[in-house]
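Beneath this line is the structure, given in structure tokens, with notes to follow.
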Amino acid sequence: MSITYLDAIREAQARALRDDPRVFIYGQDVGAFGGAFKATKNLAREFPGRVLDAPISEDAIVGLAVGAAIEGMRPIIEMQFADFSTTGFNQIVNQAATLYWRTNVPCPITLRLPVGGTSGSGPFHSQCMEAVYAHYPGLIVLTPATVEDAYSMLLEAVALDDPVIFCEHKLLYRHLKAEQLPGEALPVGRARIAREGRDLTMVAYSAMVHEALEAARELSAEGWEIEVVDLRSVKPLDTDTVVASVARTGRLLCVGEAWPWGGVTAEIVSRVSSEGYGLLDAPPQRLNARDTPVPYHPNLWAAHRPTARSVAAAARNLLRQ
Amino acid sequence: MLQTVIEAKQSNAAAARDIHLAAWRFMLLARMLDDKLAAVWRAGKMHGGVFLSRGQEALSVSVGLSLNKGDVFAPLIRDAAGRLAFGESILDAVRTYLGSALGPMRGRDGNVHRGRPREGLLPMISHLGAMISVVNGVLFARRLKNVSGTVGAACVGDGATSTGAFHEALNQAAVEKLPLVLVVADNQYAYSTPTSRQFACAHLADKAQGYGVQGHAVDGTDLTACLKTVGQAVARARDGRGPQLVVASLLRLCGHGEHDDAGYVDPKLKQSPLGRDCLKVAEEKILREKWADASQLAAWREEVVREIEESVAQVQREPAPDPFAEEWRAISTGHLSEGHEAEH
Ligand SMILES: Cc1ncc(C[n+]2csc(CCOP(=O)(O)OP(=O)(O)O)c2C)c(N)n1
Ligand SMILES: [Mg+2]
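Taken in order, these protein sequences are the chains called H and W. Read left to right, the first sequence gives residues 0 to 320 (numbering that gives the first Met the number 0). Read left to right, the second sequence gives residues 0 to 343 (numbering that gives the first Met the number 0).
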């Protein structure tokens with residue numbers, strides 16, 4: 000049997016619905032149709048009345064989830080694309096994110112955001128929004144890079160008492176496969192060493208973990224041993240695992256698919272610089288998308304985001320220093 | 000006296016013939032262009048999606064034909080016919096779909112996300128409802144600049160009426176009494192979602208009253224009705240009578256995009272009058288009125304096919320955007336651009 004990242008997301012939701020009567024799923028086309036990406040396929044049939052089509056009203060979709068959470072439910076919201084969460088932004092960052100802090104009443108909602116670029120998707124169906132949401136206090140932001148994490152972290156997201164932004168990468172939906180669903184998993188908030196090495200630490204998350212791993216394989220042919228850290232969760236950020244890795248390698252390259260101003264990679268560089276300054280043998284580096292909207296044409300898109308090639312090139316530069 | 004009545008009737012008849020023939024030609028062009036682009040997509044020669052207008056050409060073309068040069072138009076995903084009638088070239092459409100460096104979007108944006116803002120054709124973003132207030136802004140600015148006599152049209156689907164943006168913009172236009180014509184194609188589905196899960200009013204045109212604007216309902220499968228209703232709405236807006244909400248009932252005769260087989264569409268709807276193909280309905284009317292005969296229509300069809308084939312062949316030879324020559328800059332003030340020089 001082989002299970003895709005997308006299957007894992009569907010299975011996690013099925014299990015959450017099965018195990019917890021407080022769970023329901025709400026979003027555009029998630030019902031009989033099974034969602035734009037088929038992440039809720041057959042769930043409306045298996046769980047009648049608990050997987051519901053929403054109007055095209057992201058603000059009201061998130062607002063409804065917050066109200067239901069106050070009433071003790073555990074809604075899972077599917078945004079059709081992460082990009083459209085901007086029209087629900089107010090409810091996410093001002094309502095969901097502040098509720099617990101203001102009232103001591105938690106807000107256990109899970110917002111599933113299909114993120115990231117795919118060829119030909121253009122500026123409004125490609126965005127990575129983890130940094131925007133991580134900036135706001137009150138939100139947990141998860142970025143699974145593997146089939147196993149897609150499953151276990153989604154289950155944990157639903158179980159958590161806080162609002163979770165669950166960033167699922169569209170490029171991984173059908174490409175990534177695993178033999179089985181995990182029994183045990185690292186908890187949310189812990190990073191994972193995806194590949195061990197001693198010459199340089201690459202920190203990545205979401206789809207960029209795979210570009211980093213491919214770059215590491217390429218560099219191993221040249222004799223370099225690259226350590227790849229998969230953050231898994233960008234908020235909270237597991238600084239300890241990153242700093243421990245840099246302590247072994249002395250070199251840091253952070254890779255993110257989001258835009259270069261601020262963001263996750265900048266946060267890591269900042270933390271490692273202040274907490275592990277003495278561990279660094281060279282200035283910490285980061286590689287991000289270019290500072291323009293995500294382009295449509297495949298040639299432009301491929302040059303806009305980091306790829307294994309550009310990651311390897313950046314790593315070579317850093318290794319020479 | 001009798002003579003002038005007869006002459007007026009004759010010239011009215013001639014005008015009706017002319018506009019129907021012009022409309023039919025744009026509708027056909029839109030339909031054949033859609034079919035061609037879908038074929039290119041199926042052949043794997045295009046990334047991303049293809050969004051067809053099948054079944055919505057009569058409504059869309061009526062919007063395009065009712066507008067004048069100098070008006071502003073914000074079409075949406077199913078407005079191939081309206082765009083052409085408003086003056087967009089076939090090349091603009093094909094170049095944007097194929098990402099040609101020579102197109103108006105230069106490969107940066109694609110498919111239906113295209114336009115020429117300086118020429119009154121606003122480039123849609125994906126976020127539904129978002130274009131309406133932008134049309135308002137153009138009209139508002141014209142008022143400030145003492146430019147009168149122009150109108151703006153924005154097209155949306157039934158699904159987009161559920162957005163906050165739709166509500167805010169229509170209310171805004173009403174408060175400002177702007178010459179906005181908001182055209183809703185109620186094609187019974189928003190992607191897979193039927194209208195029963197989208198709104199609970201009997202007819203979307205009923206919403207007009209709540210906003211304090213004029214509402215119009217029309218059969219979107221009937222070109223003659225669309226030309227008349229949309230034409231009247233545009234004329235009223237131009238006359239200074241404030242925003243007009245036009246709601247056309249029809250059926251999307253295709254998937255949401257080419258990737259979607261639309262298996263969820265209720266077969267009863269396909270059999271109902273809503274499921275009529277507006278292009279066929281228009282064609283039958285033209286033949287019935289003897290405005291043209293079958294051989295003439297066939298000749299035009301050949302012409303249209305040739306035009307499209309030539310455009311696609313031309314664009315396929317055009318250069319793709321070159322990432323090395325690309326200016327990776329999103330602000331116009333060059334010296335303020337940070338230009339994060341990542342080496343990719
Ligand atoms: C704010 C927003 N949310 C979600 C989407 C995703 N989406 C694209 S088209 C579509 C359905 C649109 O339905 P409708 O407005 O009826 O237009 P139609 O496709 O039927 O012409 C959806 C949900 C979007 N584009 N914008
Ligand atoms: Mg619709």
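No residue lacks a Cβ here, since even glycine has one placed at the ideal position from N, Cα and C.
Cβ distance (whole Å) where residue i is taken to contact residue j below 8 Å
{"i": "V314 of chain W", "j": "L97 of chain W", "result": "5 Å"}
{"i": "R101 of chain H", "j": "M78 of chain H", "result": "So it is not a contact: roughly 24 Å between Cβ atoms."}
{"i": "V263 of chain H", "j": "E129 of chain H", "result": "6 Å"}
{"i": "V268 of chain H", "j": "S232 of chain H", "result": "18 Å between Cβ atoms; not a contact."}
{"i": "L5 of chain H", "j": "F32 of chain H", "result": "Not really, about 15 Å apart at Cβ, beyond 8 Å."}
{"i": "G63 of chain W", "j": "R77 of chain W", "result": "With a Cβ gap of about 13 Å, G63 of chain W and R77 of chain W do not count as contacting."}
{"i": "H19 of chain W", "j": "K284 of chain W", "result": "7 Å"}
{"i": "V140 of chain H", "j": "I164 of chain H", "result": "5 Å"}
{"i": "A164 of chain W", "j": "A129 of chain W", "result": "5 Å"}
{"i": "L127 of chain W", "j": "F85 of chain W", "result": "About 21 Å separates the two Cβ atoms, so there is no contact after all."}
{"i": "A314 of chain H", "j": "A214 of chain H", "result": "6 Å"}
{"i": "V254 of chain H", "j": "L286 of chain H", "result": "5 Å"}
{"i": "W300 of chain H", "j": "P292 of chain H", "result": "At roughly 11 Å, the Cβ-Cβ gap does not stay under 8 Å, so W300 of chain H and P292 of chain H are not in contact."}
{"i": "R237 of chain W", "j": "G148 of chain W", "result": "7 Å"}
{"i": "L252 of chain W", "j": "R41 of chain W", "result": "No, L252 of chain W and R41 of chain W are not in contact; Cβ-Cβ is about 18 Å, not under 8 Å."}
{"i": "R250 of chain H", "j": "V227 of chain H", "result": "With a Cβ gap of about 13 Å, R250 of chain H and V227 of chain H do not count as contacting."}
Among the options, the one whose alpha carbon lies nearest that of residue i
{"i": "G182 of chain H", "options": "H:D148, H:R189, H:E167", "result": "H:D148"}
{"i": "T117 of chain H", "options": "H:L171, H:Q179, H:E195", "result": "H:L171"}
{"i": "D229 of chain H", "options": "H:S219, H:A220, H:G222, H:V241", "result": "H:V241"}
{"i": "V229 of chain W", "options": "W:L244, W:D70, W:G43, W:F25", "result": "W:L244"}
{"i": "A152 of chain W", "options": "W:S336, W:V71, W:R240, W:S10", "result": "W:V71"}
{"i": "V208 of chain H", "options": "H:A190, H:P54, H:L153, H:F80", "result": "H:A190"}
{"i": "S310 of chain W", "options": "W:L66, W:L90, W:D185, W:R16", "result": "W:L90"}
{"i": "W223 of chain H", "options": "H:A312, H:L286, H:T3", "result": "H:A312"}
{"i": "T200 of chain H", "options": "H:P297, H:P292, H:A281", "result": "H:A281"}
{"i": "D321 of chain W", "options": "W:V280, W:L28, W:G102, W:G106", "result": "W:G106"}
{"i": "L278 of chain W", "options": "W:G214, W:T220, W:N145", "result": "W:T220"}
{"i": "V155 of chain W", "options": "W:L58, W:E257, W:A140", "result": "W:L58"}
{"i": "G121 of chain H", "options": "H:R304, H:R319, H:R197, H:R308", "result": "H:R304"}
{"i": "L335 of chain W", "options": "H:A133, H:A220, H:V22, H:D290", "result": "H:D290"}
{"i": "L318 of chain H", "options": "H:E167, H:V50, H:E266, H:E221", "result": "H:E221"}
{"i": "I69 of chain H", "options": "H:C106, H:T39, H:S244", "result": "H:C106"}
{"i": "A206 of chain H", "options": "H:H174, H:H168, H:I225, H:A13", "result": "H:H168"}
Exposure label - residue i; buried when at least 16 CB within 10 Å
{"i": "W23 of chain W", "result": "buried"}
{"i": "S248 of chain W", "result": "buried"}
{"i": "A173 of chain W", "result": "buried"}
{"i": "A92 of chain W", "result": "buried"}
{"i": "K44 of chain W", "result": "exposed"}
{"i": "D157 of chain W", "result": "buried"}
{"i": "V310 of chain H", "result": "buried"}
{"i": "E342 of chain W", "result": "Confidence at E342 of chain W is low in this model, with a pLDDT of 47, below 50, so the placement of that residue should be treated as unreliable; the coordinate-derived value is given next. Exposed, because fewer than 16 other Cβ atoms sit within 10 Å of the Cβ of E342 of chain W."}
{"i": "Q187 of chain W", "result": "buried"}
{"i": "Y276 of chain H", "result": "exposed"}
{"i": "P242 of chain W", "result": "buried"}
{"i": "H296 of chain H", "result": "buried"}
{"i": "D198 of chain H", "result": "buried"}
{"i": "V9 of chain H", "result": "The amino acid at residue 9 of chain H is misidentified as Val; the sequence shows Arg. When all chains shown are included, R9 of chain H counts as buried."}
{"i": "R17 of chain H", "result": "exposed"}
Span of the alpha helix (DSSP H), counted from its first residue to its last, around residue i
{"i": "F85 of chain W", "result": "79 to 85"}
{"i": "M152 of chain H", "result": "146 to 158"}
{"i": "K284 of chain W", "result": "277 to 287"}
{"i": "R9 of chain H", "result": "4 to 18"}
{"i": "T61 of chain H", "result": "Here the sequence assigns Val to residue 61 of chain H, which means Thr is not the residue at that position. That run of the alpha helix (DSSP H) goes 57 to 69."}
{"i": "Q55 of chain W", "result": "Q55 of chain W -> no alpha helix (DSSP H), and no H or E assigned at all."}
{"i": "A214 of chain H", "result": "207 to 219"}
{"i": "E266 of chain H", "result": "262 to 274"}
{"i": "H134 of chain H", "result": "129 to 134"}
{"i": "S132 of chain W", "result": "131 to 143"}
Element boundaries [beta strand (DSSP E), containing residue i]
{"i": "M201 of chain H", "result": "199 to 203"}
{"i": "L141 of chain H", "result": "139 to 141"}
{"i": "S294 of chain W", "result": "No beta strand (DSSP E) holds S294 of chain W; the alpha helix (DSSP H) holding it covers 293 to 316."}
{"i": "P297 of chain H", "result": "Note, P297 of chain H: premise wrong, no beta strand (DSSP E); alpha helix (DSSP H) at 297 to 303."}
{"i": "L340 of chain H", "result": "A question about residue 340 of chain H goes unanswered here, because the residues of chain H that appear run from 0 up to 320."}
{"i": "G26 of chain H", "result": "22 to 26"}
Residue i at chain A interface by Cβ criterion, 8 Å
{"i": "N41 of chain H", "result": "The chain inventory of the structure shown lacks chain A, comprising the protein chains H and W."}
*Every unbroken alpha helix (DSSP H) within the segment 183 to 267 of chain W, with a cutoff of 4 residues, ordered by chain*: 206 to 210, 222 to 237
*asked:* Please give me, in chain order, every unbroken run of the beta strand (DSSP E) with length at least 3 that falls completely inside the segment 89 to 120 of chain H.
replied: 109 to 114
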